[in-house]
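Student: Have a look at this one before I ask anything.
Numbering (UniProt numbering), first residue to last: 1 to 162.
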(Lines of atoms letter the chains of each structure in order from A and count residues from 1; the text may use other names and numbers.)
(Lines give C-alpha, C1' and ligand atoms only; values in the text may rest on other atoms or scores of the structure.)
Protein backbone atom coordinates (compact mmCIF):
# COMPACT_ATOMS: atom_id res chain seq x y z
CA UNK A 1 0.00 0.00 0.00
CA UNK A 2 1.27 3.48 -0.80
CA UNK A 3 0.13 7.02 -0.31
CA UNK A 4 1.02 10.66 -0.72
CA UNK A 5 0.19 13.87 1.15
CA UNK A 6 0.95 17.42 -0.03
CA UNK A 7 0.99 20.90 1.42
CA UNK A 8 1.76 24.26 -0.21
CA UNK A 9 2.51 27.58 1.43
CA UNK A 10 3.25 30.91 -0.23
CA UNK A 11 6.42 32.58 1.00
CA UNK A 12 7.14 36.31 0.80
CA UNK A 13 10.74 35.81 -0.25
CA UNK A 14 12.45 34.92 -3.52
CA UNK A 15 12.95 31.22 -4.22
CA UNK A 16 16.73 31.62 -3.78
CA UNK A 17 16.30 32.79 -0.16
CA UNK A 18 13.89 29.95 0.63
CA UNK A 19 16.31 27.46 -0.95
CA UNK A 20 19.14 28.76 1.24
CA UNK A 21 17.12 27.45 4.19
CA UNK A 22 15.43 24.33 2.79
CA UNK A 23 18.23 23.12 0.52
CA UNK A 24 20.64 22.81 3.46
CA UNK A 25 20.71 21.54 7.05
CA UNK A 26 19.50 25.02 8.02
CA UNK A 27 15.90 23.89 8.28
CA UNK A 28 16.92 21.22 10.83
CA UNK A 29 18.72 23.79 12.96
CA UNK A 30 15.74 26.14 12.73
CA UNK A 31 13.15 23.59 13.86
CA UNK A 32 15.33 22.45 16.76
CA UNK A 33 15.71 26.07 17.92
CA UNK A 34 12.15 27.26 17.34
CA UNK A 35 9.96 24.18 17.80
CA UNK A 36 10.82 22.61 21.17
CA UNK A 37 7.21 21.42 21.45
CA UNK A 38 7.91 19.06 18.51
CA UNK A 39 11.69 18.52 18.35
CA UNK A 40 13.86 17.69 21.32
CA UNK A 41 17.00 17.47 19.20
CA UNK A 42 18.14 17.46 15.55
CA UNK A 43 21.63 15.97 15.27
CA UNK A 44 23.97 15.90 12.29
CA UNK A 45 25.20 12.29 12.21
CA UNK A 46 27.06 12.29 8.92
CA UNK A 47 27.76 14.65 6.04
CA UNK A 48 27.83 18.37 5.34
CA UNK A 49 24.31 19.02 4.10
CA UNK A 50 24.77 17.46 0.67
CA UNK A 51 23.36 14.20 -0.68
CA UNK A 52 24.16 11.42 1.79
CA UNK A 53 23.84 13.65 4.86
CA UNK A 54 22.17 11.85 7.76
CA UNK A 55 20.26 13.63 10.52
CA UNK A 56 18.80 12.08 13.65
CA UNK A 57 15.50 13.69 14.65
CA UNK A 58 14.42 13.16 18.26
CA UNK A 59 10.90 14.25 19.02
CA UNK A 60 9.70 15.77 22.28
CA UNK A 61 8.23 13.08 24.57
CA UNK A 62 4.45 12.91 24.23
CA UNK A 63 4.51 13.87 20.54
CA UNK A 64 2.35 11.48 18.45
CA UNK A 65 4.25 9.13 16.16
CA UNK A 66 7.80 7.83 16.44
CA UNK A 67 10.17 8.89 19.23
CA UNK A 68 13.07 9.37 16.82
CA UNK A 69 14.45 8.36 13.45
CA UNK A 70 17.37 8.95 11.12
CA UNK A 71 16.79 10.52 7.74
CA UNK A 72 19.14 10.68 4.79
CA UNK A 73 19.28 13.41 2.15
CA UNK A 74 18.76 11.37 -1.02
CA UNK A 75 18.32 14.15 -3.58
CA UNK A 76 19.36 17.79 -3.74
CA UNK A 77 18.70 19.53 -7.03
CA UNK A 78 20.02 23.10 -6.86
CA UNK A 79 18.58 23.96 -10.29
CA UNK A 80 15.03 22.66 -9.77
CA UNK A 81 15.18 23.54 -6.03
CA UNK A 82 14.13 20.09 -4.83
CA UNK A 83 15.40 18.26 -1.76
CA UNK A 84 14.31 14.77 -0.75
CA UNK A 85 14.92 12.92 2.49
CA UNK A 86 14.12 9.33 3.40
CA UNK A 87 13.84 7.65 6.77
CA UNK A 88 16.70 5.12 6.93
CA UNK A 89 16.53 3.96 10.55
CA UNK A 90 13.88 3.77 13.24
CA UNK A 91 10.70 5.78 13.26
CA UNK A 92 8.24 4.87 10.56
CA UNK A 93 10.28 1.84 9.50
CA UNK A 94 9.46 0.29 12.89
CA UNK A 95 5.73 0.68 12.11
CA UNK A 96 5.90 -1.41 8.91
CA UNK A 97 6.72 1.33 6.41
CA UNK A 98 9.14 0.35 3.66
CA UNK A 99 9.46 3.94 2.40
CA UNK A 100 8.91 7.30 4.07
CA UNK A 101 10.11 10.17 1.88
CA UNK A 102 9.71 13.92 2.35
CA UNK A 103 10.22 16.26 -0.60
CA UNK A 104 10.67 20.02 -0.35
CA UNK A 105 10.20 21.91 -3.60
CA UNK A 106 10.64 25.67 -3.91
CA UNK A 107 8.63 27.15 -6.76
CA UNK A 108 9.39 30.65 -8.05
CA UNK A 109 6.16 32.58 -8.60
CA UNK A 110 7.59 35.04 -11.09
CA UNK A 111 7.11 37.96 -8.73
CA UNK A 112 10.23 39.45 -7.20
CA UNK A 113 9.51 38.52 -3.59
CA UNK A 114 7.29 35.50 -3.87
CA UNK A 115 7.73 31.76 -3.97
CA UNK A 116 5.90 28.63 -2.86
CA UNK A 117 7.18 25.82 -0.70
CA UNK A 118 5.54 22.57 -1.71
CA UNK A 119 6.01 19.73 0.74
CA UNK A 120 5.18 16.14 -0.17
CA UNK A 121 5.21 12.98 1.93
CA UNK A 122 5.38 9.73 -0.03
CA UNK A 123 5.12 6.43 1.76
CA UNK A 124 4.82 2.71 1.20
CA UNK A 125 3.69 0.33 3.92
CA UNK A 126 3.39 -3.43 4.14
CA UNK A 127 -0.23 -4.59 3.76
CA UNK A 128 -0.23 -6.25 7.18
CA UNK A 129 0.61 -2.87 8.74
CA UNK A 130 -1.83 -0.81 6.62
CA UNK A 131 -3.62 0.52 9.73
CA UNK A 132 -0.38 2.33 10.67
CA UNK A 133 -0.79 4.58 7.62
CA UNK A 134 -2.93 6.71 9.95
CA UNK A 135 0.34 7.80 11.64
CA UNK A 136 1.21 9.78 8.51
CA UNK A 137 0.20 13.42 8.84
CA UNK A 138 1.17 16.51 6.86
CA UNK A 139 0.32 18.71 9.86
CA UNK A 140 3.80 18.66 11.50
CA UNK A 141 5.38 19.64 8.17
CA UNK A 142 2.77 22.37 7.66
CA UNK A 143 3.73 23.73 11.09
CA UNK A 144 7.42 23.61 10.14
CA UNK A 145 6.62 25.56 6.95
CA UNK A 146 4.87 28.28 9.00
CA UNK A 147 7.88 28.56 11.34
CA UNK A 148 10.18 28.76 8.31
CA UNK A 149 7.98 31.41 6.69
CA UNK A 150 8.08 33.53 9.86
CA UNK A 151 11.86 33.10 10.08
CA UNK A 152 12.35 34.11 6.43
CA UNK A 153 10.08 37.15 6.91
CA UNK A 154 12.04 38.24 10.01
CA UNK A 155 15.31 37.91 8.11
CA UNK A 156 13.88 39.87 5.19
CA UNK A 157 12.66 42.63 7.52
CA UNK A 158 16.02 42.87 9.28
CA UNK A 159 17.85 43.09 5.92
CA UNK A 160 15.48 45.81 4.71
CA UNK A 161 15.98 47.79 7.94
CA UNK A 162 19.75 47.95 7.41
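C-beta: ideal position from N, C-alpha, C; glycine also.
Using a Cβ-Cβ cut-off of 8 Å (strictly less than) and excluding sequence neighbours within five positions of residue 47, which residues of its own chain qualify?
Tutor: 53, 54, 73
Student: Cα-Cα, which of 153, 156, 144, 154 is closest to residue 29?
Tutor: 144
Student: Can you round the beta-carbon distance between residue 15 and residue 81 to whole angstroms, since I take them to be within the 8 Å contact cut?
Tutor: 6 Å
Student: Identify which residue in 128, 125, 7, 37 has its Cα closest to the Cα of residue 63.
Tutor: For the residues 128, 125, 7, 37, the minimum Cα distance to residue 63 belongs to 37.
Student: Would you mind stating whether residue 51 and residue 76 have Cβ atoms separated by less than 8 Å?
Tutor: One thing to note: residue 51 has its Cβ within 8 Å of the Cβ of residue 76.
Student: Going by the DSSP bridge assignment, what does residue 7 pair with across the sheet?
Tutor: 119
Student: With a 10 Å radius around its C-beta and 16 neighbouring C-beta atoms as the bar for buried, classify residue 131 as buried or exposed.
Tutor: In the assembly as shown, residue 131 is an exposed residue. Its beta-carbon has fewer than 16 other beta-carbons within 10 Å.
Student: Using 8 Å as the threshold, is the C-beta distance between residue 83 and residue 45 below it?
Tutor: Remark: C-beta atoms of residue 83 and residue 45 do not approach each other more closely than 8 Å.
Student: Using only the alpha-carbon positions, how far apart do residue 57 and residue 155 sit?
Tutor: Rounded to the nearest whole angstrom, the C-alpha separation of residue 57 and residue 155 is 25 Å.
Student: Tell me whether the beta-carbon of residue 6 lies closer than 8 Å to the beta-carbon of residue 119.
Tutor: Yes.
Student: In the DSSP assignment, what are the bridge partners of residue 103?
Tutor: 84, 120
Student: Short check: CB of residue 90 to CB of residue 61, under 8 Å?
Tutor: Not in contact: residue 90 and residue 61 (Cβ atoms no closer than 8 Å).
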